[in-house]
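Visitor: UniProt numbering applies: residue 1 is where the sequence shown begins, and numbers increase by one.
My questions all concern the structure below.
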Amino acid sequence: MSRRKPRPRTAPARAAAPAPAPALGPDAPCPCGSAAAYGQCCGRFHSGVERAPTAERLMRSRYSAFVVRDEGYLLRTWAAATRPRSVDFDPETRWTGLEVLDTTDGTLFHTTGTVTFAAHYTHAGEPGALRERSRFEKDGGAWVYVDGTFD
Ligand SMILES: [Zn+2]
Numbered sequence: 001m002s003r004r005k006p007r008p009r010t011a012p013a014r015a016a017a018p019a020p021a022p023a024l025g026p027d028a029p030c031p032c033g034s035a036a037a038y039g040q041c042c043g044r045f046h047s048g049v050e051r052a053p054t055a056e057r058l059m060r061s062r063y064s065a066f067v068v069r070d071e072g073y074l075l076r077t078w079a080a081a082t083r084p085r086s087v088d089f090d091p092e093t094r095w096t097g098l099e100v101l102d103t104t105d106g107t108l109f110h111t112t113g114t115v116t117f118a119a120h121y122t123h124a125g126e127p128g129a130l131r132e133r134s135r136f137e138k139d140g141g142a143w144v145y146v147d148g149t150f151d
């Protein structure tokens, strides 16, 4: 194994500009895995034209927001009690697909709901999956993400 010359330690930690979010036009397939185009699916929620009517649609739109790195949408759809100050997007992570595995409640007629999903990604080229059971609640008529537990 050859030794590489170490990088100078004086370089600022965030010297490299983060990779730009993947470009996604309105006609591109929606990252959430629905058959619809982004502009007719999660894009409508991201732009604020519509609010996600169910916990599952909100969860799918939040996954898509991670794909396009829409921090504002993620924070807007996060319960005030658990909302972070900001969302860190790891530029090495590429989200590659979403599988919704189970839902409970979370329809128009509920005020709480859960969505269990697997979000697939590659991190620095290595494939992986995040499995989470997310909790959602309705706040002023809009679904928001509360928290999640890892399966
Ligand atoms: Zn979508």
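Using N, Cα and C, we set each Cβ at its ideal position, and we do this for glycine too.
Determine whether the beta carbon atoms of E137 and F117 lie at a separation below 8 Å.
Guide: The count along the sequence shown starts at 1 and reaches residue 137 at position 137. The count along the sequence shown starts at 1 and reaches residue 117 at position 117. Not a contact, by the Cβ cut-off of 8 Å.
Visitor: So if DSSP puts V115 in a beta bridge, which residue, or which two residues, is it bridged to?
Guide: Counted from its first residue, the sequence shown places residue 115 at position 115. Answer is T103 and S134, bridged to V115.
Visitor: Can you find a heavy atom of ligand 1 that lies under 7 Å from the Cβ of R76?
Guide: Here residue 76 refers to the residue found at position 76 of the sequence shown. Checking the Cβ of R76 against ligand 1 gives no.
Visitor: Name the DSSP beta bridge partners of P29, please?
Guide: Residue 29 sits at position 29 when you count from the first residue of the sequence shown. Answer by DSSP bridge pairing, in chain order: A37.
Visitor: What first and last residue would you give for the alpha helix (DSSP H) that runs through G43?
Guide: Mapped onto the sequence shown, residue 43 falls at position 43. First-last of the alpha helix (DSSP H) with G43: C42 to H46.
Visitor: Quick check on S86: does DSSP put it in helix, strand or coil?
Guide: Counting from 1 along the sequence shown, the entry for residue 86 is found at position 86. DSSP places S86 in coil when its eight states are reduced to three.
Visitor: Is DSSP giving L24 helix, strand or coil here?
Guide: Position 24 of the sequence shown, counted from the start, is the residue given in the question as residue 24. Three-state DSSP puts L24 in coil, outside helix and strand.
Visitor: Here's a check: name, in chain order, each residue in its chain whose Cβ is nearer than 7 Å to the Cβ of V146, leaving out the five neighbours to either side.
Guide: Walking along the sequence shown from the start, residue 146 turns up at place 146. These residues qualify, in order along the chain: A79, T82, R135, F136 and E137.
Visitor: Should A52 be labelled buried (16 or more other beta-carbon atoms within 10 Å of its own) or exposed?
Guide: Counted from its first residue, the sequence shown places residue 52 at position 52. Label assigned to A52: buried.
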